[in-house]
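Okay, so here's the structure we're looking at.
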Amino acid sequence: MSPNGVEVPPWRRIAVGTPGVEFEARPPGEEASDVPDAECDGWSTAALTLRLASVRGAQHRYYGKPRQDAARAVPHQPSGAVVFAVADGVSSAVRAEQGAAEACRAALDRILLQLAWSPASLDLRDVALHAAERLRRLAGVRLNKAEPDPTEVAALYATTLVTGVVRPHPDGPVVELCRIGDSGAWLLDGRRAVYRPVFPSKTGSDTLLVSNEVRALPAVPATVEQATGRLGPDQVLLIGTDGFGDPLGDGDGRVGALFADQLATPPAPLWLAHVLDFDRETFDDDRTLLAVWRRSPAPPR
Amino acid sequence: MAEIKGVLLPAYVLADESASMGPYLEELSDGLVSLCEGLRAEPMIAAKLRLAVLGFSDDVQVRLAVADMRTETSLPEVVIRGTTCYRAVFDDLLQRIPTDVQWLRGQGYRVHRPVVFFLSDGQPTDGNAWRLPHAELVDRARTPTAPNIIACGIGSAEARTMLEVATRPEFAFVAVPGADIGRAIAEFFHSLTASLVSSGHALNSADPRLVVNRPDQFTLAIDEVGL
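Read top to bottom, the protein sequences are chains A and B. Adding 164 to a residue's 1-based position in the first sequence gives its number in our numbering. Adding 1441 to a residue's 1-based position in the second sequence gives its number in our numbering.
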């Protein structure tokens, strides 16, 4: 029931400002049968709580395209760390959804391997290079070619990637992450509802025009953007594709308020997917959000 | 900061209204109608565009101010008149585009680099006077909102001139020799609609890019010049 007494259907998309066009989603093609419209996950280790959700954008639902975002997370059992990856397949790539999923899988595999070899230090550029190599191998199989060139790999599987690890520490969890492309990461201060971007944003209020510069795997720059920090007691680490980051902007609007409210404590994973699927005109890209909290003594929702 | 209401692509159609376009007034008018109807048929795409139609001759006259085509009910009407003054176009855009971008930002939108679709059937009648304002318009250091320009020449418009007007060689087209001018105009607008729809798909994604489709009846200007 809404505040004005009008019956609202359960699970109706949450409108934030002016909603977009209403329609029934079209199915993606046969080749995307393993990419559901939405997916979510959630669990806790001894020290950390994770939630993630990924939902197909209105544009892909309308035009019968698959969700091209992906997210994966896995615990590193010996250390209690959370290893994560979020990817946004480049829309011009023929099988962007596969590129995004493979980049996430490859990143997790490599980070787990590094943690097994040398728990104290991570080489995140090596992780990005491994993800690029896995895309190249995937392209080789698809093209039946031993050495596909980078443009062929990009044409099939180009994707952004944010990946890293959150490790428990007596002074507070330590975050290490890197990114290729324009997907974002933020530290949400739950008390003040302030979002602090970990990396520069393409839609910040100080930019006159939105940047069209695209950096994506399989290209890996000589210097990969990286960040390290500690997760404060009232902070939530957020990793999101631009389907989330663009409407969030600087975080001081209604989208920012919605997520600050909903992420005050870890929500049920299905509820996070529902909230992430909010309806706001012109923001119709796929959306993916991964969040990590210090584990609270209180049971999560 | 005001809340972000959306990320928009401002698109400007510059239609040559000089006297030599007189025989093709119907095709020009029909093309603009098909453009507007084509965008209305794609409301999800139209939501991310703002379209302006400007007629140019001795000066520039607004036929459709920066409009949301989902709600715009009027249709642009062109008026055949005067000469083919390119300088008027670039002088106008130098003032208009930064103002429009600031206005859209003030409305709470973020803005992609604007795009200009330029259609002319003739060589500039103002000699080289257009080159200075054009150079300033496309220089991103001097004009941060510098647009991408797609130039399509028909009739006596030369391939070399279209290459000079366009911001990239692959954005310059001329009608194939012997092409029916009326049909070429219709194809220009079909291609323009398709380019805007394709670009609209790519906006708000990890790969926000301008997609330019070559119109049927046109060839790349660079192929004609043989650079």
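For every residue, glycine included, the Cβ atom is placed at its ideal position computed from N, Cα and C.
Contact belief for residue i with residue j at Cβ below 8 Å, rounded distance in angstroms
| i | j | result |
| --- | --- | --- |
| B/Val1448 | A/Thr387 | B/Val1448 to A/Thr387, Cβ: 28 Å. No contact. |
| B/Val1501 | B/Val1530 | 6 Å |
| A/Pro283 | A/Ser243 | 6 Å |
| A/Arg225 | A/Arg259 | Contact flag wrong, Cβ pair sits at about 19 Å. |
| B/Phe1614 | B/Pro1656 | 6 Å |
C-beta atoms of residue i and residue j nearer than 8 Å
| i | j | result |
| --- | --- | --- |
| B/Leu1455 | B/Leu1505 | no |
| A/Ala245 | A/Val330 | yes |
| A/Pro337 | A/Arg418 | no |
| B/Leu1651 | B/Asn1589 | yes |
| A/Leu467 | A/Val180 | Because residue 467 of chain A is not part of the residues shown, which for chain A are 165 to 465, the question remains open. |
| A/Ala437 | A/Cys204 | yes |
| A/Gln352 | A/Gln399 | Contrary to the premise, residue 352 of chain A reads as Leu rather than Gln in this sequence. Yes, the pair counts as a contact, with Cβ atoms nearer than the cut-off. |
| B/Ile1445 | B/Gly1547 | no |
| A/Pro314 | A/Ala383 | yes |
| A/Arg220 | A/Phe442 | no |
| B/Val1503 | B/Pro1451 | no |
| B/Leu1490 | B/Gly1641 | yes |
| B/Tyr1527 | B/Ala1493 | no |
| A/Leu277 | A/Ala303 | no |
| A/Ala428 | A/Gly354 | yes |
| A/Val339 | A/Gly328 | yes |
| A/His240 | A/Leu279 | yes |
| B/Thr1586 | A/Leu401 | no |
| B/Ala1616 | B/Gln1564 | no |
| A/Arg458 | A/Pro364 | no |
| B/Arg1572 | B/Val1666 | no |
| B/Ser1459 | B/Ser1498 | yes |
| A/Val185 | B/Pro1484 | yes |
| A/Val254 | A/Ile275 | no |
| A/Pro183 | A/Arg343 | no |
| A/Ala391 | A/Leu341 | yes |
| B/Thr1566 | B/Asp1457 | no |
| A/Val374 | B/Val1552 | yes |
| B/Ala1487 | B/Arg1481 | yes |
| A/Ala318 | A/Ala257 | yes |
heavy atom of the ligand SAM below 7 Å from residue i C-beta
| i | result |
| --- | --- |
| B/Ala1613 | For the ligand SAM, the structure offers nothing, since it holds no ligand at all. |
Beta carbon proximity, residue i to chain C, threshold 8 Å
| i | result |
| --- | --- |
| B/Pro1464 | Among the chains of the structure shown, chain C does not appear; the protein chains present are A and B. |
Query raised in the report: Would you call the stretch 317-327 of chain A and the stretch 241-253 of chain A in contact, with 3 or more CB pairs under 8 Å?
Result: yes
**Report entry** Contact set between the stretch 405-427 of chain A and chain B, restricted to residues whose Cβ is under 9 Å from the partner
**Finding:** Thr405, Asp406, Gly407, Asp410, Pro411, Leu412, Gly413, Asp414, Asp416, Gly417, Arg418, Val419 and Gly420
Query - Residues in the stretch 319-349 of chain A having any Cβ partner in chain B nearer than 7 Å - result: Thr324, Gly345 and Asp346
Query raised in the report: For the stretch 1476-1502 of chain B, which residues have a CB atom closer than 8 Å to at least one CB atom of chain A, in sequence order?
Result: Pro1484, Met1485, Ala1488 and Lys1489
Requested in this report: Only counting runs of 4 or more residues, tell me where the alpha helix (DSSP H) segments fall wholly within the stretch 1597-1630 of chain B, in order along the chain.
Outcome: 1600-1606
Query raised in the report: Looking at C-beta atoms only, is the number of pairs between the stretch 1584-1603 of chain B and the stretch 1550-1567 of chain B that lie closer than 8 Å three or more?
Result: yes
Report task. Spell out a yes or no on whether the stretch 404-413 of chain A and the stretch 437-452 of chain A are touching, meaning 3 or more CB-CB pairs, one atom from each, closer than 8 Å. Result -> yes
Requested in this report: Determine, using beta-carbon pairs with one atom in the stretch 351-365 of chain A and one in the stretch 265-280 of chain A, whether at least three such pairs fall under 8 Å.
Outcome: no
Query raised in the report: Within the chosen definition, does the stretch 207-225 of chain A reach the stretch 1504-1520 of chain B through at least 3 CB pairs nearer than 8 Å?
Result: no
Requested in this report: Take every Cβ of the stretch 191-199 of chain A, pair it with every Cβ of the stretch 228-237 of chain A, and state whether three or more of those distances are shorter than 8 Å.
Outcome: yes
Report task. Kindly confirm or deny that the stretch 1568-1580 of chain B and the stretch 1623-1634 of chain B touch, where touching means at least three C-beta pairs closer than 8 Å. Result -> no
Query raised in the report: Using a Cβ cut-off of 8 Å, which residues of the stretch 1547-1574 of chain B contact any Cβ in chain A, in chain order?
Result: Arg1551, Val1552, His1553 and Arg1554
Query raised in the report: When the Cβ atoms of the stretch 1632-1639 of chain B are set against those of the stretch 1597-1608 of chain B, are three or more pairs found closer than 8 Å?
Result: no
Report task. Closer than 7 Å, Cβ to Cβ, to anything on chain A: give me those residues from the stretch 1447-1462 of chain B, in chain order. Result -> Gly1447 and Val1448
Requested in this report: Can you check the stretch 1452-1527 of chain B for any alpha helix (DSSP H) of at least 4 residues that lies completely inside it and give the ranges in chain order?
Outcome: 1466-1481 and 1484-1487
Report task. Can you check the stretch 360-437 of chain A for any beta strand (DSSP E) of at least 3 residues that lies completely inside it and give the ranges in chain order? Result -> 389-394 and 399-404
**Report entry** At least 3 beta-carbon pairs within less than 8 Å: the stretch 233-240 of chain A vs the stretch 258-268 of chain A
**Finding:** yes
Query raised in the report: Mind listing which residues of the stretch 276-307 of chain A have their C-beta closer than 8 Å to chain B's C-betas, in chain order?
Result: none
Report task. Could you tell me whether the stretch 1520-1532 of chain B touches the stretch 1455-1469 of chain B, where touching means 3 or more Cβ pairs closer than 8 Å? Result -> yes
Requested in this report: Scan the stretch 1584-1602 of chain B for residues whose Cβ lies nearer than 7 Å to a Cβ of chain A and list them as they occur along the chain.
Outcome: Pro1585 and Thr1586
Query raised in the report: Quick one, which residues of the stretch 1529-1544 of chain B are near chain A if we go by CB-CB under 8 Å, in chain order?
Result: Val1542
Query raised in the report: Enumerated in chain order, which unbroken segments of the beta strand (DSSP E) with a length of 3 residues or greater are wholly contained in the stretch 1545-1592 of chain B?
Result: 1550-1552 and 1556-1561
Requested in this report: Note down, one range per segment and in chain order, each beta strand (DSSP E) of at least 3 residues found wholly within the stretch 273-352 of chain A.
Outcome: 325-331 and 338-344
Query - Whole runs of the alpha helix (DSSP H) within the stretch 188-250 of chain A, excluding any shorter than 4 residues - result: 222-227
Query raised in the report: Taking Cβ-Cβ distances below 7 Å as the criterion, which residues of the stretch 427-450 of chain A are in contact with chain B?
Result: Glu445, Thr446, Phe447, Asp448 and Asp449
Report task. With 9 Å as the C-beta to C-beta threshold (strictly closer), list the residues of the stretch 209-225 of chain A near chain B in chain order. Result -> Gly221, Ala222 and Gln223
Query raised in the report: Taking any Cβ of chain B, which residues in the stretch 183-195 of chain A have a Cβ under 8 Å from it, in chain order?
Result: Gly184 and Val185
Query raised in the report: Mind listing which residues of the stretch 1607-1634 of chain B have their C-beta closer than 7 Å to chain A's C-betas, in chain order?
Result: none
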